Ligand SMILES: O=C(O)CCC(=O)C(=O)O
Ligand SMILES: [Fe+2]
Ligand SMILES: [Zn+2]
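Numbering (UniProt numbering), first residue to last: 1 to 693.
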């Protein structure tokens, strides 16, 4: 054989080695799809293929995948289930599907700056789970193409941003301008007897007349708020103050689309895509009870083919074809009618006209006694608080804890690590030889991770969208103590174990009830003296978490086995005094938000906050606004608090369950298939290293 011949044989051998490798990986992928996703692949060619690694969950955009698939043949449909690591493609002919299989299997696809290797397998049928459509909130209507592109341009040109007041300009997270009446973000209300000199711009008249004519409103609005959001900006979830405005609220979206999220106090969430030139009409339940907000982010997940119908109450489009949509500059015109009488809506629990100022302040929450209560408690006293305090919180979380670092450094290079509840990502870059991904319930914190260049996504620790047995290690630092029932804490540990590979390690830190251990006070307690020296504490500091002196009365997971009724009165959560010993295991820990600007410069935490009181504000550098929304109630998570100098500092309360000695190990023993390798006390925290069997 000549030299070329030898080279050819070698090349062929290399190729077949490559082919074998691809085949092996493809088989592994179809096995995983079956085992973890219930997707059945078929050895026989068909028109449909499942594309492993080509999912929205792999950050692959619909555009990129669809372009690659269309290059090969006549694509009939592409289904990308949200958050899943795969997609389904159906070609018009089996021949094209075969071609796609031959050409794309094992090939890399670049999408959004990442490269993924695709593995294709045939499927007999395309599974479309989660297709069930979600109803719009009652009273909500979306009218698409309500204004023409010409009207849109006219309206946009009518806003003279140069004449915004200082307070309006100072809003960090979006621009606002008010007409008719000024909306005051310090008290979340309007001065009804002080109309602005200029009424609504006359460019709006034609649109409003159309609304009247179509029966959307019965009287013309007299107040207009124009919000302008750049990509990455948003508005926190809130209910427009009942006592300020009448029932119907109209919001016209111009310039770019965005997803507005509606949330019911029972936890239901409905994302609504607002296309440019559409009109959103909020009435009744959707106006009075559901919160609405726009998450500050640069991309939205939207249906690939948006519904063009203008049905009075359309379903939210199904999940069958979601895609990422880059945000542009969106300007909204929100038209409202000032209310001159107290509100007498059908939703007293959400109504600031009922009960006046004092009763607007809810009493502290109780320990939850069912799953729904627990979820609500955590939503209000954990999730919303972190979103609101994200920037300030992050600025206090810079030093990684040494023993967590030792754990991370001990992992072999190339290990896949998940940081579940990664906060600002301070552990994601500790060991650069690891492949790390973080997730956190707080979008604002995840955004901080992203800004730092880390891979992180928003996820609840009870349901992490990572494949079973996909991680060599995971960490959960100061997270599980935020779950308010034993079952939920157990579920959080179970979820960590689920994503671990056999033999994989999990490091868990929770705040300890015992802040004094081996006669050593934790840093959290020791810092008490600093405060007396004039240093104001913000909340729980970096190396801190919880003391012990007196035995507690209320407390403990053990208590939770009591019936609801037993806990009714005694079960109210107490507010902890920072840097003192704990006297309860379930408590609210105050966070004093720093970053106060002058009044009126920022928005208050709670749209129901009592009129005339100084209102809380957020650290203006945060990507979330300060308004942690009220749900059905005024948000008790943030309260105005007088501080020296006469300005109000907001105080947020985070729920904690602090662990007693042995409790964490006991909890972990409740999870099958895992063993406690070590456990220790570290600066006021109880810690375990678990190993999956
Ligand atoms: O931008 C929007 O469509 C909503 C604005 C809004 O909710 C408000 O200003 O109260
Ligand atoms: Fe609003
Ligand atoms: Zn009301």
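Glycine included, every Cβ here is placed at the ideal spot set by N, Cα and C. These numbers come from a predicted model, not from an experiment.
Going by beta carbon distance, what residues of the same chain come within less than 6 Å of residue 58, once the five residues before and after it are set aside?
85, 116
6 Å CB neighbourhood of residue 227 in its chain, flanking five on each side removed
174, 176, 332
Roughly how many angstroms separate the alpha carbons of residue 221 and residue 94, rounded to a whole number?
58 Å
Residue burial classification, residue 219 (beta-carbon count within 10 angstroms, cutoff 16):
Residue burial annotation: residue 219 is exposed, with fewer than 16 other C-beta atoms found within 10 angstroms of its C-beta.
Do you know whose CA, among 118, 23, 523, 462, lies nearest residue 485's CA?
462
For residue 678, which residues from the same chain have a beta carbon less than 6 Å from its beta carbon, with the 5 sequence-adjacent residues on both sides left out?
689
Is residue 481 near ligand 2, with its Cβ less than 8 Å from a heavy atom?
no
Nearest to residue 585 by alpha carbon, out of 573, 478, 349, 431?
573
Residue 249 Cβ short of 8 Å to ligand 2 heavy atom set
yes
First through last residue of the alpha helix (DSSP H) which encompasses residue 448
443 to 451
Under 8 Å by Cβ, that's how I've got residue 48 and residue 126 pegged, so tell me the actual separation to the nearest angstrom.
At roughly 5 Å, the Cβ-Cβ gap stays under 8 Å, so residue 48 and residue 126 are in contact.
Count the other C-beta atoms from every protein chain shown that fall within 10 angstroms of the C-beta of residue 399, then say buried if there are 16 or more, exposed otherwise.
exposed
Mind checking whether the beta-carbon of residue 350 lies closer than 8 Å to any heavy atom of ligand 3?
For ligand 3, at least one heavy atom lies less than 8 Å from the Cβ of residue 350.
Residues near residue 248 by beta carbon distance below 6 Å, same chain, minus five either side:
217, 283
Just the C-alpha distance for residue 523 and residue 372, rounded to the nearest angstrom, thanks.
35 Å
Anyone know if the C-beta pair for residue 464 and residue 427 falls short of 9 Å?
In this structure, residue 427 does not lie closer than 9 Å to residue 464 by Cβ.
Quick check on residue 669: buried or exposed, where buried means 16 or more other Cβ atoms within 10 Å of its Cβ?
exposed
So, residue 43 versus residue 144, is the Cβ gap smaller than 9 Å?
no
Does ligand 1 have a heavy atom nearer than 8 Å to the CB of residue 586?
no
Quick one, are the C-beta atoms of residue 252 and residue 416 less than 9 Å apart?
no
Is the beta carbon of residue 354 within less than 8 Å of some heavy atom of ligand 3?
yes
Is the region 70 to 83 close to the region 153 to 161, with three or more CB pairs under 8 Å?
Of all C-beta pairs linking the region 70 to 83 to the region 153 to 161, fewer than three are shorter than 8 Å, placing the two stretches out of contact.
On the premise that residue 378 lies in contact with residue 482, defined as a C-beta separation below 8 Å, what is that separation, rounded to the nearest angstrom?
Approximately 6 Å separates the beta-carbon atoms of residue 482 and residue 378; this is inside 8 Å, confirming the contact.
Nonlocal neighbours in the same chain, by C-beta distance under 6 Å from residue 154, ignoring five residues either side:
203
Residues near residue 413 by beta carbon distance below 8 Å, same chain, minus five either side
433, 434
Can you tell me which of 187, 102, 470 puts its alpha carbon nearest to the alpha carbon of residue 19?
102
When you measure from the CB of residue 242 to every non-hydrogen atom of ligand 3, does any distance come out below 8 Å?
yes
Given the structure, does residue 183 come close to ligand 1, in the sense that its CB is under 8 Å from one of the ligand's heavy atoms?
yes
Which stretch, first to last residue, makes up the beta strand (DSSP E) that contains residue 99?
Premise fails: residue 99 lies in the alpha helix (DSSP H), 94 to 104, not in any beta strand (DSSP E).
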